[in-house]
Amino acid sequence: MIKTALKTVLAHKVRLLLTAVAIVLGVSLVSGTFIFTDTINAQFDDLLDDIYSGVDVSIRAETGDFGAGTEPFPSEVLDAVVAVDGVAAAEGGVASLTTQILDKNGDLIGGQGPPTLGFSWGQVPSLNPMQIKEGEGRAPAGPGEVALDANTVTKAGFALGDEVTVVGFDGPEEFELVGIASFGDQDSLLGATIAMFELEEAKRVFGFGDELSGISVQADSAVDADELTARIASVLPPGVEAVTGQTEQNEQAADINEGLSFLSIGLLAFAGVSIFVGAF
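If you want it as structure tokens, here you go:
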């Protein structure tokens with residue numbers, strides 16, 4: 001019986017080889033998928049830790065059926081927040097997910113995968129995860145000025161003082177590059193392009209009125225995040241909510257994990273097909 005089996009196997013060497021290859025590829029895809037997604041999740045977790053390291057309370061539009069609100073709210077909310085007992089620092093900002101940067105040839109940088117982001121530059125260091133690299137200029141301070149992430153600067157070959165074209169709410173505009181920023185000790189925010197402006201200039205470029213898209217708050221030593229969140233919530237107008245920084249970080253992590261799960265399913269399905277084919 002063993003001889004017969006060996007004869008059959010040896011008579012179909014190519015099939016045996018292809019079956020072995022299919023199984024090896026399938027198993028490799030399965031293990032590779034888990035390693036890849038675990039690595040990406042770990043990178044995002046580290047990223048979120050950096051973003052929220054100094055944020056005790058986050059103020060935003062109320063969460064709806066489709067997740068955290070993204071609608072802007074009046075800038076006057078910041079005044080009410082600052083007046084709350086227990087607030088050590090508070091800063092409002094605006095953000096855009098569609099602010100594109102063009103290279104010297106007028107071509108879009110990125111945009112085929114990682115997001116193209118725009119932010120107002122934070123003036124409170126403990127609430128701003130971005131920082132200007134040593135010897136690489138300064139923060140944007142007024143109209144016509146922009147800071148870019150170091151990875152984008154390197155990719156496009158920009159230098160301090162260059163005119164950079166940024167596509168905002170009203171179309172392409174020229175800005176002077178006054179600063180090159182890093183995210184902690186990282187030159188890139190996971191490959192995203194980032195354009196940063198002084199707050200009022202950011203509002204104009206992103207198409208905001210006298211509004212904010214979020215407020216970050218740092219508590220003083222006499223109050224914890226939960227208590228301060230409750231105090232702030234009591235002074236907010238309808239449509240605006242306060243959550244702890246940890247709560248918002250957990251929500252962001254859950255959204256990222258959910259998005260990556262679809263990638264995992266696709267790769268695992270492909271691996272399953274490979275193993276199934278290899279079985280025949």
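All residue numbers in the sequence shown are consecutive under full-length UniProt numbering, ending with 280.
Note that the Cβ used here is the ideal one computed from N, Cα and C, for glycine as well.
Reference residue i; option with closest CA among the options
| i | options | result |
| --- | --- | --- |
| A95 | A202, Q43, G135, A156 | A202 |
| E176 | T116, E91, I101, A88 | I101 |
| A42 | G245, A219, V146, L190 | L190 |
| L127 | Y52, A147, G137 | Y52 |
| L78 | A20, S182, I215, A253 | I215 |
| L212 | N250, D50, V24, S58 | S58 |
| A253 | F44, F169, V55 | F44 |
| T154 | P143, G179, P172 | G179 |
| F206 | A181, S120, G113 | S120 |
Backbone secondary structure at residue i - three-state DSSP
| i | result |
| --- | --- |
| P172 | strand |
| A20 | helix |
| A225 | helix |
| S234 | coil |
| T124 | Note that residue 124 corresponds to Val in the displayed sequence, not to Thr. Here V124 sits in coil by DSSP. |
| A141 | coil |
Residue i, enclosing beta strand (DSSP E) - first and last residue
| i | result |
| --- | --- |
| T154 | Counting along the chain, T154 falls outside any beta strand (DSSP E), though it belongs to the alpha helix (DSSP H) covering 150-156. |
| V77 | Segment 76-82 is the alpha helix (DSSP H) holding V77; no beta strand (DSSP E) there. |
| L160 | It is not in any beta strand (DSSP E) - L160 carries neither H nor E in the DSSP assignment. |
| Q100 | 100-102 |
| I59 | 57-61 |
| L189 | Looking at the DSSP string, L189 is not in any beta strand (DSSP E), and its letter there is neither H nor E. |
| S120 | 116-120 |
First and last residue of the uninterrupted alpha helix (DSSP H) at residue i
| i | result |
| --- | --- |
| F206 | 199-206 |
Status (buried if at least 16 other CB within 10 Å, exposed otherwise) for residue i
| i | result |
| --- | --- |
| P238 | exposed |
| G157 | exposed |
| D185 | exposed |
| G171 | exposed |
| A219 | buried |
Cut-off 6 Å between Cβ atoms - residues of its own chain near residue i, not counting five sequence neighbours on either side
| i | result |
| --- | --- |
| E163 | E174 |
Close beta carbons around residue i, own chain, < 7 Å, minus the five adjacent residues each side
| i | result |
| --- | --- |
| V84 | R231, I232, V235 |
| L97 | P115, L117 |
| A195 | T99, I101, G118, V146, L148, V166 |
| L48 | Q249, Q252, A253 |
C-beta neighbour in chain C for residue i, strict 7 Å
| i | result |
| --- | --- |
| F208 | Judged by its chain identifiers, the structure shown contains no chain C, having just a single protein chain. |
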